[in-house]
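Sequential numbering from 4 applies to the sequence shown in this note's numbering.
A virtual CB, placed ideally from N, CA and C, is assigned to each residue, including glycine.
Each remark here refers to the structure printed beneath this line.
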Amino acid sequence: MPAARRALRCEVRGGPAHAGRRAGADFPGEGRRRRPRGGGPVSAFDAARARADFPIFNRRVRGKPLVYLDSAATTQKPNSVIKALTAYYERTNANIHRGVHTLAEEGEKVIEESRAKAARFVNAESPSNMVFVRNTTEAINLVAHGWARKHMRPGEEVLVTELEHHSNLVPWQLLAKDKGVRLRQVPVDAEGRVTAEAARRTITPKTRLFAFSAMSNALGTLSPVADLVKVAHDSGALALVDGAQWVPHMKTDVRAWGCDFLAFSGHKMLAPAGVGFLYGKPEVLEKMDPFLGGGGMIQEVWFERSTWNTVPHRFEAGTPSLGDCAAFGAAVDYLEACGMDALRAHEEALTLKLLEVLRGEAGVTVYGPSDPKERGGVVSFNVEGVHPHDVGQVFDSEGVAVRVGHHCCQPLMRKLQTGGTARASLYLYNTEEDVAAFARGLKKVKEFFKVGAKA
4 MPAARRALRC EVRGGPAHAG RRAGADFPGE GRRRRPRGGG PVSAFDAARA
54 RADFPIFNRR VRGKPLVYLD SAATTQKPNS VIKALTAYYE RTNANIHRGV
104 HTLAEEGEKV IEESRAKAAR FVNAESPSNM VFVRNTTEAI NLVAHGWARK
154 HMRPGEEVLV TELEHHSNLV PWQLLAKDKG VRLRQVPVDA EGRVTAEAAR
204 RTITPKTRLF AFSAMSNALG TLSPVADLVK VAHDSGALAL VDGAQWVPHM
254 KTDVRAWGCD FLAFSGHKML APAGVGFLYG KPEVLEKMDP FLGGGGMIQE
304 VWFERSTWNT VPHRFEAGTP SLGDCAAFGA AVDYLEACGM DALRAHEEAL
354 TLKLLEVLRG EAGVTVYGPS DPKERGGVVS FNVEGVHPHD VGQVFDSEGV
404 AVRVGHHCCQ PLMRKLQTGG TARASLYLYN TEEDVAAFAR GLKKVKEFFK
454 VGAKA
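Structure, rendered in structure tokens:
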């Protein structure tokens, strides 16, 4: 096959139920990694071909091809993930745990394989370090209720940054109100970056937990995760990383970072909504109380008291969203077939082009780091004199989907002295043609609202 035709396409056949076992695997039930069809090198990533794996791109919006630039909110799903979800309900559907019939045993195997794949994807020590949750928000709340409420005392501190999503702020506000702990924040610099030096100036001996985002959902800022974790540990605090935006786009290594917790969502990394994970160091998870009570999280129950199941099951009360959990494994298969280094390089190149488009237009303000190596594929901007909602509607008229508003970061928006922004966010299925469509949409916004026009 000519080299030009060996470009990487990420689709993988089959789902977690069809994965083979690897002898002596560190993660029981883990399937053998599959090479992408075509056999080309990872560096040959071809987003246009990968895009064909996503059926939603067959549709049109306002009579025009869909240009989806809203992946920081949620990602589109490839055929392999959709098929894994459907296959689970067509062939395997049964409640897990305590069942001895074939469907129950097959279902439990599929779910535990997905847990093992999640552990491998973030380089966790063991699948037992991975707790199934619905999303990042639930994972952070699990830490707030299961660890912080048990171990923190009045006057002790939770440290966050000015970049945080409400999901990594409101749980700590509730904790502060109920437990009398203090909530403090690390300031960002003029380009929206968090530095280890700023964190060291802010943290105190009273800080028990430093909770921060690895990548900002509003500005795209990449945090120096390992350095911030070290700041926390040097002060005797634990470190919780909000990985909702990082994990889908870049290699993640919790052991290299040294973090105590990592929270992330499936729906931002090709999986269905309704499934995510909390990673925790084993010694920390063992010291946590359950967040929810019910079936599955108990060992024994008497009328007066109960004892808890082992980690991670003590944090997984009730029936999970089984089909979503199964399809999560297919999403990991897809991303691993693409190669995370290749995805990062692809997004970095497109981000640079997107920034060039925005900075080439008068009357446009771009927020966040100027260097694309210091940011992920998230770009927030405003057009002078035009409300972000109006910007978004004009883009939609061109078939271009962007996000508008405060992006669940109202304190950050106040620091930026704006009520909100328009936001374009990229993923593996975006192409240079998408950036060109974005550029046309931006020009239409300026023309419609006469931005930069002479009086």
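Query: C-alpha gap between W311 and V113, whole angstroms; Result: 24 Å
Query: Three-state class that DSSP yields for K284 in the structure shown; Result: coil
Query: From K86, V64, R65, residue whose alpha carbon lies closest to that of F57; Result: K86
Query: C-beta contact flag for V197 and F215 at 8 Å; Result: yes
Query: Three-state secondary structure assigned by DSSP to G239; Result: coil
Query: Where Q79 falls: helix, strand or coil (DSSP); Result: coil
Query: Residue(s) in a DSSP beta bridge with F215; Result: V244
Query: Cβ contact check for the region 112–127 and the region 252–262: 3 or more pairs under 8 Å; Result: yes
Query: Cut-off 6 Å between Cβ atoms - residues of its own chain near K284, not counting five sequence neighbours on either side; Result: D263
Query: Meets three-Cβ-pair contact criterion under 8 Å: the region 415–426 and the region 52–66; Result: no
Query: Status (buried if at least 16 other CB within 10 Å, exposed otherwise) for H349; Result: buried
Query: Three-state secondary structure (DSSP) of F294; Result: coil
Query: Under 8 Å between C-beta atoms of T210 and L178; Result: no
Query: CB contact flag (A166, V381, <8 Å); Result: Sequence check: residue 166 is Leu here, not Ala. Contact: no.
Query: Coil, strand or helix - R63 by DSSP; Result: strand
Query: Residues of its chain near V287, where Cβ-Cβ distance is below 8 Å and the 5 sequence neighbours each way are ignored; Result: W150, L241, D263, F264
Query: Whole-angstrom C-beta distance between L431 and A53, which should lie under 8 Å; Result: 6 Å
Query: Counted within 10 angstroms of its Cβ, other Cβ atoms place Y92 as buried (16 or more) or exposed; Result: exposed
Query: Three-way DSSP call (helix, strand, coil) for E435 in this model; Result: helix
Query: Host alpha helix (DSSP H) of S117 (start-end); Result: 105–124
Query: Three-state secondary structure assigned by DSSP to R406; Result: strand
Query: Cut-off 8 Å between Cβ atoms - residues of its own chain near E401, not counting five sequence neighbours on either side; Result: R65, K67, V70, A440, R443, G444, K447
Query: Span of the alpha helix (DSSP H), counted from its first residue to its last, around T461; Result: Nothing about residue 461 can be reported from this structure: the residues present for the chain run from 4 to 458 only.
Query: Inter-residue Cα distance where the pair is K271 and V103; Result: 34 Å
Query: Check whether P315 and M133 have beta carbons under 8 Å apart; Result: yes
Query: Three-state secondary structure assigned by DSSP to F135; Result: strand
Query: 8 Å Cβ cutoff met for E435 and K376; Result: no
Query: Three-state secondary structure assigned by DSSP to F264; Result: strand
Query: Euclidean distance between Cα positions of E1 and G455; Result: Residue 1 is absent from the model: the chain starts at 4 and stops at 458.
Query: N- and C-terminal bounds of the beta strand (DSSP E) containing T2; Result: Beyond the ends of the chain as shown, which are 4 and 458, falls residue 2; an answer cannot be given.
Query: For R137, the nearest candidate out of H390, E319, R426 (CA to CA); Result: E319
Query: Same chain, Cβ closer than 8 Å to K153, five either side skipped, listed in chain order; Result: K290, M291, D292
Query: Cβ-Cβ separation, V278 to F135 (assumed contact under 8 Å), whole Å; Result: 7 Å
Query: Cα-Cα separation, H390 to T368; Result: 13 Å
Query: Close beta carbons around A229, own chain, < 8 Å, minus the five adjacent residues each side; Result: A259, W260, G261
Query: Contact belief for F267 with G246 at Cβ below 8 Å, rounded distance in angstroms; Result: 4 Å
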